[in-house]
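To start, the structure itself, in structure tokens.
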Amino acid sequence: MGRPRQGSVAPARPAAQRGPEAFARYERARTSIMVGSAVRAARRRAGLSQVELARRAGTSQPSIARLERGLVSPTVVSLDRIARALGAELVIDFEAPRSQPGQPPTPTNHSRLPA
């Protein structure tokens with residue numbers, strides 16, 4: 462087995478004693494990795510290469526590769542352009558934190574941005 466691909470696993474959460482700056486860096490990295498993974502999965506489901514997605518989205522293949530690896534934080538406008546290039550709809554949602562064991566789940570309000 463090879464080693465894991467860089468950017469494919471969320472970074473370890475920093476210890477509390479490292480301070481708010483370390484936690485902020487962790488959160489940015491975690492979010493970028495999650496977005497990149499979602500783009501990669503959607504691209505693969507659509508049966509597109511990075512080159513073809515880049516062409517359709519009006520960007521470069523290296524830009525798509527950096528996004529998929531979680532190395533950049535794309536704007537919502539960029540993500541919407543990529544979603545449309547994939548024939549998909551960008552959905553942004555806010556969910557309540559998962560409930561603790563023994564507590565009922567918190568309902569969520571799912572909404573979609575206009576197309």
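First residue of the sequence shown: 462, per the numbering used here; consecutive thereafter. A virtual CB, placed ideally from N, CA and C, is assigned to each residue, including glycine.
Closest to residue i by CA distance: which of the options is it?
{"i": "GLY519", "options": "ILE553, GLU550, PHE484 and LEU540", "result": "LEU540"}
Within its chain, find whatever has a CB closer than 8 Å to the CB of residue i; leave out the 5 residues flanking it on each side and keep chain order.
{"i": "GLN511", "result": "ARG504, GLN522, ILE525, ALA526 and GLU529"}
Over the uninterrupted alpha helix (DSSP H) stretch that includes residue i, give me the two end residues.
{"i": "GLY497", "result": "481-506"}
{"i": "SER539", "result": "537-546"}
{"i": "ALA549", "result": "Run containing ALA549: none; DSSP gives neither H nor E here."}
{"i": "VAL512", "result": "511-518"}
Just how far apart, CA to CA, sit residue i and residue j?
{"i": "PRO558", "j": "ALA549", "result": "26 Å"}
{"i": "ALA507", "j": "LEU547", "result": "6 Å"}
{"i": "GLU513", "j": "ALA502", "result": "15 Å"}
{"i": "ARG489", "j": "LEU509", "result": "27 Å"}
{"i": "GLY531", "j": "GLY497", "result": "5 Å"}
{"i": "ALA499", "j": "ALA485", "result": "21 Å"}
{"i": "GLY480", "j": "ARG491", "result": "17 Å"}
Using a Cβ-Cβ cut-off of 7 Å (strictly less than) and excluding sequence neighbours within five positions of residue i, which residues of its own chain qualify?
{"i": "VAL533", "result": "SER493 and ARG527"}
{"i": "ALA515", "result": "SER521, GLN522, SER524 and ILE525"}
{"i": "ARG517", "result": "ALA546"}
By Cβ distance, which residues of its chain are closer than 6 Å to residue i, with the 5 residues on each side in sequence left out?
{"i": "PRO535", "result": "LEU528"}
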